Structure formats: C-alpha cells, structure tokens
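J.:
There are 2 protein chains.
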Amino acid sequence: MSEKKIPYKIYLDEHEMPKQWYNVRADMKHKPAPLLNPGTLAPMTKEELSGVFCEELAKQELDDETAYIDIPEEISKFYKMYRPSPLVRAYCLEEKLQTPAKIYYKFEGNNTSGSHKLNSAIAQAYYAKKQGLKGVTTETGAGQWGTALSMACSYFDLDCKVYMVKVSYEQKPFRREVMRTYGASVTPSPSELTEVGRKILAEHPGTTGSLGCAISEAVEAAVSTEGYRYVLGSVLNQVLLHQSVIGLETKAALDKYGIVPDLIIGCAGGGSNLGGLISPFMGEKLRGEKNYRFIAVEPASCPSFTRGKFAYDFCDTGKVCPLAKMYTLGSGFIPSANHAGGLRYHGMSSTLSQLYDDGLMEARAVEQTAVFEAAEQFARIEGILPAPESSHAIRVAIDEALKCKETGEEKTIVFGLTGTGYFDMVAYENFHNGKMSDYIPTDEDLAPGFASLPKL
Amino acid sequence: MSEKKIPYKIYLDEHEMPKQWYNVRADMKHKPAPLLNPGTLAPMTKEELSGVFCEELAKQELDDETAYIDIPEEISKFYKMYRPSPLVRAYCLEEKLQTPAKIYYKFEGNNTSGSHKLNSAIAQAYYAKKQGLKGVTTETGAGQWGTALSMACSYFDLDCKVYMVKVSYEQKPFRREVMRTYGASVTPSPSELTEVGRKILAEHPGTTGSLGCAISEAVEAAVSTEGYRYVLGSVLNQVLLHQSVIGLETKAALDKYGIVPDLIIGCAGGGSNLGGLISPFMGEKLRGEKNYRFIAVEPASCPSFTRGKFAYDFCDTGKVCPLAKMYTLGSGFIPSANHAGGLRYHGMSSTLSQLYDDGLMEARAVEQTAVFEAAEQFARIEGILPAPESSHAIRVAIDEALKCKETGEEKTIVFGLTGTGYFDMVAYENFHNGKMSDYIPTDEDLAPGFASLPKL
Numbered sequence: 001m002s003e004k005k006i007p008y009k010i011y012l013d014e015h016e017m018p019k020q021w022y023n024v025r026a027d028m029k030h031k032p033a034p035l036l037n038p039g040t041l042a043p044m045t046k047e048e049l050s051g052v053f054c055e056e057l058a059k060q061e062l063d064d065e066t067a068y069i070d071i072p073e074e075i076s077k078f079y080k081m082y083r084p085s086p087l088v089r090a091y092c093l094e095e096k097l098q099t100p101a102k103i104y105y106k107f108e109g110n111n112t113s114g115s116h117k118l119n120s121a122i123a124q125a126y127y128a129k130k131q132g133l134k135g136v137t138t139e140t141g142a143g144q145w146g147t148a149l150s151m152a153c154s155y156f157d158l159d160c161k162v163y164m165v166k167v168s169y170e171q172k173p174f175r176r177e178v179m180r181t182y183g184a185s186v187t188p189s190p191s192e193l194t195e196v197g198r199k200i201l202a203e204h205p206g207t208t209g210s211l212g213c214a215i216s217e218a219v220e221a222a223v224s225t226e227g228y229r230y231v232l233g234s235v236l237n238q239v240l241l242h243q244s245v246i247g248l249e250t251k252a253a254l255d256k257y258g259i260v261p262d263l264i265i266g267c268a269g270g271g272s273n274l275g276g277l278i279s280p281f282m283g284e285k286l287r288g289e290k291n292y293r294f295i296a297v298e299p300a301s302c303p304s305f306t307r308g309k310f311a312y313d314f315c316d317t318g319k320v321c322p323l324a325k326m327y328t329l330g331s332g333f334i335p336s337a338n339h340a341g342g343l344r345y346h347g348m349s350s351t352l353s354q355l356y357d358d359g360l361m362e363a364r365a366v367e368q369t370a371v372f373e374a375a376e377q378f379a380r381i382e383g384i385l386p387a388p389e390s391s392h393a394i395r396v397a398i399d400e401a402l403k404c405k406e407t408g409e410e411k412t413i414v415f416g417l418t419g420t421g422y423f424d425m426v427a428y429e430n431f432h433n434g435k436m437s438d439y440i441p442t443d444e445d446l447a448p449g450f451a452s453l454p455k456l
Numbered sequence: 457m458s459e460k461k462i463p464y465k466i467y468l469d470e471h472e473m474p475k476q477w478y479n480v481r482a483d484m485k486h487k488p489a490p491l492l493n494p495g496t497l498a499p500m501t502k503e504e505l506s507g508v509f510c511e512e513l514a515k516q517e518l519d520d521e522t523a524y525i526d527i528p529e530e531i532s533k534f535y536k537m538y539r540p541s542p543l544v545r546a547y548c549l550e551e552k553l554q555t556p557a558k559i560y561y562k563f564e565g566n567n568t569s570g571s572h573k574l575n576s577a578i579a580q581a582y583y584a585k586k587q588g589l590k591g592v593t594t595e596t597g598a599g600q601w602g603t604a605l606s607m608a609c610s611y612f613d614l615d616c617k618v619y620m621v622k623v624s625y626e627q628k629p630f631r632r633e634v635m636r637t638y639g640a641s642v643t644p645s646p647s648e649l650t651e652v653g654r655k656i657l658a659e660h661p662g663t664t665g666s667l668g669c670a671i672s673e674a675v676e677a678a679v680s681t682e683g684y685r686y687v688l689g690s691v692l693n694q695v696l697l698h699q700s701v702i703g704l705e706t707k708a709a710l711d712k713y714g715i716v717p718d719l720i721i722g723c724a725g726g727g728s729n730l731g732g733l734i735s736p737f738m739g740e741k742l743r744g745e746k747n748y749r750f751i752a753v754e755p756a757s758c759p760s761f762t763r764g765k766f767a768y769d770f771c772d773t774g775k776v777c778p779l780a781k782m783y784t785l786g787s788g789f790i791p792s793a794n795h796a797g798g799l800r801y802h803g804m805s806s807t808l809s810q811l812y813d814d815g816l817m818e819a820r821a822v823e824q825t826a827v828f829e830a831a832e833q834f835a836r837i838e839g840i841l842p843a844p845e846s847s848h849a850i851r852v853a854i855d856e857a858l859k860c861k862e863t864g865e866e867k868t869i870v871f872g873l874t875g876t877g878y879f880d881m882v883a884y885e886n887f888h889n890g891k892m893s894d895y896i897p898t899d900e901d902l903a904p905g906f907a908s909l910p911k912l
C-alpha cells in the first residue's frame with residue numbers, strides 16, 4: 001500500500017477490536033518466576049491469592065499457559081465507550097525533525113481517566129462485581145490509577161475505597177475531586193481507619209505518607225472487610241494481560257496498512273503500559289516469526305532496569321505483600337521527587353524483568369529536563385500535552401528518529417503515549433521556571449535499597 | 457438501517473471530513489444586523505475592520521452571501537490531527553434513564569486545548585500567518601480560548617500575547633502553564649504594558665481585573681504594535697463560520713446512518729459552539745427542507761437570551777469595540793461568579809440573536825446545582841468528565857430524554873459536548889461540598905445593565 005494512503009489517525013472499526021487478551025507468558029520459554037508467600041517463601045497458591053484478589057484475577061495471575069483469554073462481553077461494551085484508541089502517524093513531528101523515520105504513537109489519553117490505566121481498572125472491577133463483592137480497595141500516588149478505578153467502579157456500582165498518599169491528597173486536590181466525582185471515597189494515608197495507619201501515625205505524627213504505607217492500608221482494609229478485595233494498577237501479570245489490548249489494537253491497525261515496525265518504545269514504571277504495548281509483538285519474536293527491537297524507558301532517578309538487580313524482593317515498602325522476582329532497586333529504596341510519579345517505583349513487572357534478563361528487550365534511563373524538553377516540543381508540534389511518564393517514551397522516540405536522520409535509515413518507530421499531563425502542570429511550571437532537578441542517584445545512594453533486599 | 461448497526465462512536469473517514477465551512481447567514485432571510493463603528497455609528501467597513509482583524513477574517517465577518525467557503529489546505533491538515541471528533545451514541549445514559557429517546561453527543565474535548573475553541577483558533581492563526589503578521593493578541597478569562605490560540609500559534613510559529621484576567625491568572629495557574637508550554641506570553645490584566653492598563657491600575661490599584669479590561673488591553677496591544685492583529689474566540693460571525701465544522705461533521709455522521717435528529721441542544725455563552733453545531737441543520741430549516749427544534753442553554757445567572765433585550769450594544773465593557781445588535785444584558789451587567797466562565801458574557805452572537813428573534817430556535821436558562829448534578833451523572837455513566845459549560849447542554853438533554861420517558865416518544869436528541877472539565881475541579885469541589893450558589897438575578901439586579909445600553 002502506498003505511503004500516501006496512511007491517514008493521520010488509524011482507527012479500527014468496532015468489529016476489528018480485539019475480542020481476546022493476549023497472555024505473553026504462554027509463549028515465553030523462561031516463565032516469570034512465581035510470587036512467593038512472604039511467610040513461607042513457597043510459591044503463592046490460587047487459594048492464598050484469592051484472599052487478597054478476586055478469584056478470577058488470582059487465576060489470571062497464575063496462568064502461564066493460556067495464550068488467549070476471552071474479553072467478557074461487559075468489558076468489551078465498556079471498552080467501546082473509549083476504545084479503539086487512535087494510532088497516530090506523527091507526520092508533523094517527522095517534518096519538524098526532518099527525519100526519514102516514520103513515527104507512530106498509540107494514544108491512550110483520550111478517556112476521562114486520562115491514561116491507559118482504565119483498561120485494567122474496568123476488568124478488575126468487572127471480576128469483583130461478578131464475584132458478588134461489595135467493593136474494592138486500592139492505593140494511589142499520582143492519582144491516575146485511582147481515577148481510572150473510580151470510573152470503573154462507578155460503572156459497575158461497586159464501592160471504591162482509595163488510600164491516597166497524604167502529600168498527594170493535599171497537593172493534588174483536583175485528582176481527589178475527580179475521584180469523588182466518580183463516587184469513590186478518598187482517604188489520606190496514613191489514616192486512623194486501619195491498624196497499620198494508626199501505628200504509623202503514632203510513631204510518626206507528622207508524616208505525609210508513602211506509597212508503601214498506602215498499599216499496606218489498602219490491603220488491610222480489603223482483607224479485614226467482608227466483601228472487599230484489593231486491586232493494583234501495575235506490576236502484576238493480570239494487569240499486563242488486560243493492557244495487552246493496547247498492543248493488539250496497535251498491531252491490528254499497523255497490519256491493516258501493511259506496516260511493520262522496527263522499534264517499539266514505552267515508558268516503564270511497574271510495566272503496565274510497556275508490557276501491554278509490546279505483548280503481541282514480543283509474542284511474534286518469541287515464536288521466531290518476526291524480529292523487533294523494544295526499548296523500555298525509565299527515569300535516571302529511578303533506574304530499576306538499567307541499574308537494579310534481578311532478584312526476589314517485596315512489592316511494597318511495608319513488606320506485607322508477596323515477593324516477586326524482578327529488576328529492583330530494593331524495597332528500601334526511596335525514589336527522589338521525580339515529577340513522573342507513575343514511574344517512581346522500586347521494582348518492575350516480573351514478566352518484563354524476565355524478558356529483559358533474557359536479552360529480548362533493551363532499557364534506557366533518561367533525565368528529567370531532557371524529558372520535559374521532548375514533552376514541550378511534542379505538545380507544540382503534535383498538539384497533545386503529554387503526561388510526564390509518557391514523555392519518557394517521547395524523548396527516546398525523538399532520539400531514535402534523530403539517529404535515523406544521521407544515518408538516513410527509514411525506520412518505523414512506534415511508541416506508547418500513555419496519557420495526558422493536565423494534572424501535572426506544576427511539573428511543567430517548574431520546567432518553565434528552570435526549577436527542575438536532574439538528580440541521578442550515586443552508587444552510595446542506591447546502597448541502602450540493595451541492602452534491604454531479602455536474603456532467601 | 458437497523459438500530460443495532462449504529463456503533464457507540466461514529467467516526468468519519470478522512471475523506472468524509474468537510475472541505476468547506478458553511479455560512480448560515482447566506483440562507484437567512486433576515487441577515488444579522490451589521491457591526492457599527494462606535495464613533496460614527498455607521499456600519500463597519502472592511503477597511504475599518506482590517507485595522508483590528510486580519511484582512512481575510514474581516515472579509516469573512518462581513519460576508520452574508522457566500523454559503524460555502526473553502527477550508528484552506530493548511531487548516532485541513534491541522535484539523536486532521538484531532539478531527540473528525542466522535543459523534544457518540546449515549547447508549548449507557550439512555551439505559552440509565554430508561555428513556556425511549558436516542559441520545560447522541562458530538563464530543564469536542566478530545567484535543568489538548570480541551571474544547572471546541574481550537575476549530576476557530578487554528579483558522580484565525582492561519583490567516584494571520586498568511587498575511588505575514590508577526591503575531592496576535594487576545595484576552596482570556598477561563599482560559600479555554602487562550603489555550604486553543606496558544607496551540608494554534610505554536611503550530612504556525614506565530615507570536616501569541618494573551619491578556620489573562622488577573623484573578624484567573626492567579627487562581628488558574630495550570631491554565632497559564634499550558635499556554636506557556638505552547639510558547640504564549642501570558643500577562644495578568646490589568647498590566648503596565650498598555651495605556652489602558654496603566655490607567656486602570658492608577659485608578660484602581662488593587663483590582664483583580666475583568667474581561668472587559670483584558671479585551672481593551674489586547675485590542676490596544678494589537679493596534680499599537682506593528683505586525684499584530686487582535687483575535688476573538690466567540691460572538692463574531694467569522695467564529696461561527698469556522699465552528700460550522702462541528703455541525704457539518706455531525707450531519708455527515710448522522711446521514712451515514714440515516715439518522716434524522718428531532719432536537720439539537722447546545723450551551724450558549726457568546727454562541728461559538730451552538731452556532732457551529734446547528735448551522736447546517738438551521739440551513740435546511742431556513743431553506744424549508746427539514747424541520748428541527750434547536751435549544752440554546754444558558755446559565756440562569758447570565759440569561760442573555762431568556763431575559764435580555766434585542767438591541768445594539770457594546771461587545772466589551774470598555775466600550776472601545778464596535779457595537780453589535782444582539783440579545784444582551786447590557787455591557788454594564790456584571791455577571792456573578794458562575795463557575796461556567798465561558799458562559800459569563802453579557803451579549804450573544806448577532807447571528808444567533810437574529811435567528812432567535814425570528815422564532816427559529818428556543819432558549820432555556822438552567823441553574824448551577826442542577827447543571828452539576830447532570831455533569832456528575834454524565835461523568836459516572838458515560839465516562840467523560842464534562843466542562844461546566846458543556847454540562848448546561850447535558851442538563852437539558854437529560855430533561856428532554858426524561859420527558860420522552862413520560863410520553864413514550866422515541867425522539868432523537870443531539871447535543872454538543874464542547875469540552876472537558878479537567879481545569880474546573882474547583883467548581884466540582886464546591887459542588888461536592890455543597891458550596892454551590894444558585895443565584896438568579898432579580899429584575900433590580902438586571903436594571904443597571906439595561907441602563908448601560910447605548911441610546912442610538
């Protein structure tokens with residue numbers, strides 16, 4: 001098909017939308033290591049997981065064999081309200097960069113939650129409803145996940161209790177009000193509502209909270225309340241499964257025009273977006289059908305892939321959750337105040353960690369100022385104001401396109417634009433005022449985190 | 457075509473997008489009254505208008521005869537970056553309301569500016585660039601127009617000077633940073649940069665500014681600076697012309713499925729969205745081809761249509777701009793702090809005013825709490841968090857759908873969803889906390905505005 005026929009935005013028709021999620025673990029020779037019970041250090045069973053998660057999600061979490069899992073009708077119906085998301089050909093950016101590269105981005109920010117998080121939130125809410133639960137609990141830091149989950153719970157008339165890190169609760173009142181608009185109860189963490197919250201408040205009366213603490217409160221609230229379960233927006237296998245809808249749509253749209261990407265780029269915090277975007281392409285690579293390059297982009301201030309260790313670690317700072325084998329900086333690592341809150345996590349999806357360890361994907365760490373330069377350039381040229389997280393992928397996509405300009409290669413680059421930056425204008429303001437930090441941790445800074453790794 | 461085949465979202469293909477704007481004035485028997493020179497009270501000539509506006513825009517402003525005007529290639533190219541916008545069938549809302557009515561909404565919030573304002577901003581920036589100008593000036597209150605214009609100017613490498621009402625500049629820092637991200641200079645008004653600004657500051661040292669003052673500063677900055685012109689985001693005929701792209705796309709999408717609406721609803725401040733949405737349908741009505749009902753929805757706190765007078769009035773509080781014949785509360789009317797900033801304007805498009813006076817459309821005033829109830833209901837059911845302005849239309853669409861439930865009529869309702877409410881969470885917060893005012897001006901409150909009407 002001639003180049004000229006490729007529109008600015010490739011939309012799939014409703015009948016072309018994926019009817020099944022794709023589980024990349026089914027095609028992996030080296031499966032991701034199992035979650036371990038923090039007490040016994042034995043692999044978590046479905047029964048153990050079902051105490052915390054919904055049954056169907058516990059099953060999905062452990063299923064390394066089934067390649068395709070049907071998307072339930074009710075979830076498909078909701079997806080149709082905001083999906084398919086557009087795959088955009090960045091003609092204007094290409095022109096501005098004067099690159100022979102062809103750049104595409106899959107835009108996941110065109111729903112009210114403002115990010116890709118909704119893809120898994122609606123699935124997790126659906127299974128909770130189907131199980132007859134009253135509600136779910138979760139934690140949120142930057143607020144993207146809490147927002148998405150509030151929307152999803154509102155749709156299924158499910159109660160939603162969000163523990164929001166106190167400093168975010170106070171500094172991001174708009175995020176809080178969005179969640180309230182969707183009917184969620186939002187509690188600043190640490191709170192008086194849980195035992196662990198009261199304990200922390202007693203020990204540290206002035207604390208502004210942490211994600212680790214909020215997770216502990218949300219888990220306690222779930223397991224101690226009849227009819228509730230805990231849900232999580234990243235890291236887990238089940239989340240990558242749901243997010244595969246991003247990659248499946250991307251692939252279907254590219255296939256429609258006979259386009260084969262050379263390079264697929266995504267930002268990586270816990271891995272939900274990157275894992276979803278690359279899944280079906282990685283499947284082809286694992287089956288030996290195609291070869292692609294994949295690049296995970298992380299902040300230089302929180303470099304799990306590029307400077308972390310591949311080891312069993314706790315998923316939370318409070319060490320109450322199961323252990324996962326992953327690239328990690330150690331649960332004792334305290335990330336600096338990088339503005340991309342969604343990438344400020346010490347660990348990484350076990351699935352992506354295994355793929356990275358097997359040499360099937362690359363990783364790159366980028367500094368904050370360079371990220372916001374790319375973000376602003378992208379906004380001015382392509383019109384979409386990107387989230388700081390997404391802008392990590394933009395940075396590397398631009399860098400790779402500029403390399404093509406030097407070499408003359410006509411590479412096809414696809415990157416994930418996970419969300420919009422409407423709620424991140426404080427970060428943009430700091431960038432405009434030259435108040436952005438490009439902190440990179442020294443080896444000494446990383447040492448306490450590594451020292452916190454459990455000795456198994 | 458059977459009902460089942462209508463998808464959630466009707467997207468047009470690129471080749472189905474409008475190639476011309478539609479000028480509803482060409483089909484009006486009673487043309488809108490001409491703008492008058494505030495000094496001579498004679499109709500403004502193209503030459504006079506060209507001192508303030510770009511030449512091509514001055515021409516469009518005065519053209520009551522040409523029905524279709526080609527959309528320049530460069531503007532079409534930009535439109536393709538974010539258009540066509542989706543026409544969404546509100547299946548979930550219909551189900552929740554248990555109404556036999558069929559509800560559609562044209563969603564204009566899926567671009568970074570977050571509203572329909574971009575449709576005219578890009579056109580006005582294009583004509584400024586084509587004329588070889590260095591830049592444009594404008595004012596902004598709530599910030600939607602300033603944001604859209606900043607994006608448009610960034611695209612055409614045009615300087616953009618925004619005078620932002622000081623109270624908004626301070627209370628809406630995020631809006632300000634979005635404009636700065638797109639490279640605009642944003643000045644709190646009144647400022648020391650203009651004569652009128654200095655004069656006002658000397659007289660009222662502590663003033664937090666007003667839209668009328670910001671307009672005066674923007675106009676002064678334009679006419680006193682070589683290579684600059686002033687641009688405006690609503691009220692004017694040229695703006696309604698550009699915004700006709702909303703209605704043309706809506707009509708094309710409905711035609712594709714053989715759908716004929718009974719009722720078309722839009723919010724109305726200056727009239728840019730409503731005028732654009734209804735234009736092609738109104739054209740059919742004016743030519744006697746079809747009959748539709750149109751409803752303009754305005755805040756009860758600023759009821760230009762429902763309680764205003766049809767008279768010549770100044771478009772700005774400073775009385776430096778031309779006079780327009782319109783439904784107006786008088787330029788001396790000070791609207792209350794209604795949260796829908798975009799609807800807080802004393803006057804109304806001359807074109808819409810004439811159509812309303814000719815009995816071709818209806819108007820309805822709604823109170824704020826009822827508007828936010830509809831907004832929250834819509835957000836929870838349809839997933840999109842609407843702007844307060846847009847929510848006025850949602851309120852009446854829901855009211856009309858509930859009437860259908862009573863009567864059993866299967867009416868087809870189309871409404872304009874002009875934008876998202878991401879930057880309006882303070883208003884939502886007030887709503888959640890029960891701090892929303894339902895102020896309706898008494899006749900005494902309206903008296904000073906009417907007294908300010910010029911005696912011609």
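Same order as they appear, the protein sequences are chains A and B. Each residue of the first sequence is one higher than the last, beginning at 1 in our numbering. Each residue of the second sequence is one higher than the last, beginning at 457 in our numbering. The beta carbon of each residue, even a glycine, is placed where N, CA and C say it ideally should be. Remember, it's a predicted structure, so these values are computed and weren't measured experimentally.
What are the boundary residues of the alpha helix (DSSP H) that includes I398 of chain A?
T.: The residue given as residue 398 of chain A occupies position 398 in the first sequence. Looking at the DSSP string, the run of the alpha helix (DSSP H) that includes I398 of chain A is P388 to T407.
J.: Let me know if R743 of chain B comes out buried or exposed under the rule of 16 or more other beta-carbons within 10 Å of its beta-carbon.
T.: As a first step, residue 743 of chain B is located in the second sequence; it is residue number 287 there, counting from the start. It counts as exposed.
J.: Quick check on DSSP: helix, strand or coil for F750 of chain B?
T.: To locate residue 750 of chain B, count along the second sequence from 1; it is residue 294. Correct three-state label for F750 of chain B: strand.
J.: Rounded to a whole number of angstroms, what is the C-alpha to C-alpha distance between E65 of chain A and S847 of chain B?
T.: For this step, residue 65 of chain A is matched to residue 65 along the first sequence. For this step, residue 847 of chain B is matched to residue 391 along the second sequence. When rounded, the distance between both Cα atoms is 48 Å.
J.: Could you tell me how far apart the beta carbons of L733 of chain B and T706 of chain B are, in whole angstroms, since I believe they sit closer than 8 Å?
T.: Here residue 733 of chain B corresponds to residue number 277 of the second sequence, with the count starting at 1. Here residue 706 of chain B corresponds to residue number 250 of the second sequence, with the count starting at 1. Going by Cβ atoms, the distance from L733 of chain B to T706 of chain B rounds to 7 Å, so yes, they are a contact pair.
J.: Who are the near neighbours of S541 of chain B in its chain, counting only those whose CB is closer than 7 Å to its CB and skipping five residues on each side?
T.: If you number the second sequence from 1, residue 541 of chain B lands on position 85. Once the five neighbours on either side are set aside, the close Cβ partners of S541 of chain B are K562, F563, E564, N566 and E705.
J.: Beta-carbon separation of A843 of chain B and T876 of chain B under 8 Å?
T.: As a first step, residue 843 of chain B is located in the second sequence; it is residue number 387 there, counting from the start. As a first step, residue 876 of chain B is located in the second sequence; it is residue number 420 there, counting from the start. In this structure, T876 of chain B lies closer than 8 Å to A843 of chain B by Cβ.
J.: Among the candidates A:K166, A:K117, A:I413 and A:G342, whose CA atom is the shortest distance from the CA of Y91 of chain A?
T.: Position 91 of the first sequence, counted from the first residue, corresponds to residue 91 of chain A. It is A:I413.
J.: Which residues of chain B have a Cβ atom closer than 9 Å to the Cβ of Y439 of chain A, listed in chain order?
T.: As a position in the first sequence, residue 439 of chain A is number 439, starting the count at 1. Result: empty, since nearest Cβ-Cβ is about 22 Å, beyond 9 Å.
J.: Could you tell me which residues DSSP puts in a beta bridge with T140 of chain A?
T.: Position 140 of the first sequence, counted from the first residue, corresponds to residue 140 of chain A. DSSP lists A:M164 as partners of T140 of chain A.
J.: In this structure, does DSSP put R820 of chain B in helix, strand or coil?
T.: Indexing the second sequence from 1 puts residue 820 of chain B at position 364. Here R820 of chain B sits in strand by DSSP.
J.: Check whether the Cβ atoms of E14 of chain A and K80 of chain A lie closer than 8 Å to each other.
T.: Numbered from 1 along the first sequence, position 14 holds the residue referred to as residue 14 of chain A. Numbered from 1 along the first sequence, position 80 holds the residue referred to as residue 80 of chain A. Cβ distance < 8 Å, so E14 of chain A and K80 of chain A count as in contact.
J.: If you pair each beta-carbon of the stretch 655 to 668 of chain B with each one of the stretch 616 to 633 of chain B, do three or more pairs fall below 8 Å?
T.: Yes: at least three Cβ pairs fall under 8 Å.
J.: Residues of the stretch 847 to 878 of chain B with a CB closer than 8 Å to any CB of chain A: list them in chain order, please.
T.: Cβ contacts with chain A: T876 and Y878.
J.: Return yes when the Cβ of Y686 of chain B is within less than 8 Å of the Cβ of V592 of chain B, no when it is not.
T.: Start at 1 with the first residue of the second sequence, and residue 592 of chain B comes out as number 136. Start at 1 with the first residue of the second sequence, and residue 686 of chain B comes out as number 230. Taking 8 Å as the Cβ cut-off, V592 of chain B and Y686 of chain B qualify as a contacting pair.
J.: Does the distance from the CB of E550 of chain B to the CB of A557 of chain B come in under 8 Å?
T.: Within the second sequence, residue 550 of chain B is the residue found at index 94, counting from 1. Within the second sequence, residue 557 of chain B is the residue found at index 101, counting from 1. Their beta carbons are under 8 Å apart, which means E550 of chain B touches A557 of chain B by this criterion.
J.: Please report the residue range of the alpha helix (DSSP H) in which V776 of chain B lies.
T.: Here residue 776 of chain B corresponds to residue number 320 of the second sequence, with the count starting at 1. Premise fails: V776 of chain B is in no alpha helix (DSSP H) and is neither H nor E.
J.: Taking Cβ positions, are A296 of chain A and F305 of chain A nearer each other than 8 Å?
T.: Working through the first sequence from its first residue, we reach residue 296 of chain A at position 296. Working through the first sequence from its first residue, we reach residue 305 of chain A at position 305. Yes, the Cβ-Cβ distance between A296 of chain A and F305 of chain A is below 8 Å.
J.: Could you give the uninterrupted runs of the alpha helix (DSSP H) lying entirely in the stretch 51 to 110 of chain A, keeping only those of 4 residues or more?
T.: Runs of the alpha helix (DSSP H) inside the stretch 51 to 110 of chain A: 55 to 62, 73 to 82 and 91 to 97.
J.: Among all the DSSP beta bridges, which residues are the ones paired with V414 of chain A?
T.: The residue you call residue 414 of chain A lines up with position 414 of the first sequence. Its beta-bridge partners are A:Y104 and A:I264.
J.: Provide the residue(s) that pair with P897 of chain B in DSSP beta bridges, ordered along the chain.
T.: Residue mapping note: residue 897 of chain B aligns to position 441 of the second sequence, counting from 1. According to DSSP, which records beta bridges pairwise, P897 of chain B is partnered with nothing at all.
J.: Does any CB atom of chain B fall closer than 8 Å to the CB of M81 of chain A?
T.: Residue mapping note: residue 81 of chain A aligns to position 81 of the first sequence, counting from 1. Yes - at least one Cβ of chain B is within 8 Å of the one on M81 of chain A.
J.: If you drop the 5 nearest sequence neighbours on each side, which residues of the same chain put their C-beta closer than 7 Å to that of F78 of chain A?
T.: Mapped onto the first sequence, residue 78 of chain A falls at position 78. Around F78 of chain A: I122 and Y155.
J.: For the beta strand (DSSP E) containing Q20 of chain A, name the first residue and the last one.
T.: Here residue 20 of chain A corresponds to residue number 20 of the first sequence, with the count starting at 1. Note, Q20 of chain A: beta strand (DSSP E), Q20 to Y22.
J.: Please list the partners that I840 of chain B has in chain A, where partner means a Cβ-to-Cβ separation under 8 Å.
T.: Here residue 840 of chain B corresponds to residue number 384 of the second sequence, with the count starting at 1. Within 8 Å Cβ-Cβ: N111 and T112.
J.: Within the same chain, show all residues whose beta-carbon is closer than 8 Å to that of E504 of chain B, passing over the 5 residues directly before and after it, in chain order.
T.: In the second sequence, the residue the question calls residue 504 of chain B occupies position 48. The residues are N493.
J.: Using 8 Å as the limit for Cβ to Cβ distance, is E14 of chain A near chain B?
T.: Here residue 14 of chain A refers to the residue found at position 14 of the first sequence. E14 of chain A counts as touching chain B.
J.: Just checking my contact of L453 of chain A with K319 of chain A at CB under 8 Å: how many whole Å lie between their CB atoms?
T.: As a first step, residue 453 of chain A is located in the first sequence; it is residue number 453 there, counting from the start. As a first step, residue 319 of chain A is located in the first sequence; it is residue number 319 there, counting from the start. Contact flag wrong, Cβ pair sits at about 11 Å.
J.: Pairing CB atoms from the stretch 472 to 482 of chain B with CB atoms from the stretch 331 to 351 of chain A, are three or more of them under 8 Å?
T.: These segments do not touch.
J.: Kindly indicate the opening and closing residues of the beta strand (DSSP E) around K765 of chain B.
T.: For the purposes of this step, residue 765 of chain B is taken as the residue at position 309 of the second sequence. K765 to F770 is the span of the beta strand (DSSP E), which, as asked, contains K765 of chain B.
J.: Using beta carbons (cut-off 8 Å, strictly below), is S185 of chain A in contact with chain B?
T.: Residue mapping note: residue 185 of chain A aligns to position 185 of the first sequence, counting from 1. For S185 of chain A, the answer is no, since every Cβ of chain B falls outside 8 Å of its Cβ.
J.: Just to confirm, is the Cβ distance from T594 of chain B to R631 of chain B under 8 Å?
T.: For the purposes of this step, residue 594 of chain B is taken as the residue at position 138 of the second sequence. For the purposes of this step, residue 631 of chain B is taken as the residue at position 175 of the second sequence. It is not a contact, given that the beta carbons lie outside the stated cut-off.
J.: Which bits of chain A does R654 of chain B rub up against, with CB to CB less than 7 Å?
T.: Taking the first residue of the second sequence as 1, we reach residue 654 of chain B at position 198. Within 7 Å Cβ-Cβ: nothing; R654 of chain B doesn't reach chain A, min ~27 Å.
J.: Can you round the beta-carbon distance between P303 of chain A and A365 of chain A to whole angstroms, since I take them to be within the 8 Å contact cut?
T.: As a working note, residue 303 of chain A is residue 303 in the first sequence. As a working note, residue 365 of chain A is residue 365 in the first sequence. That pair is a contact at about 5 Å.
J.: Does S154 of chain A come within less than 8 Å of chain B when only Cβ atoms are used?
T.: Translated into positions along the first sequence, residue 154 of chain A becomes position 154. Yes, contact with chain B.
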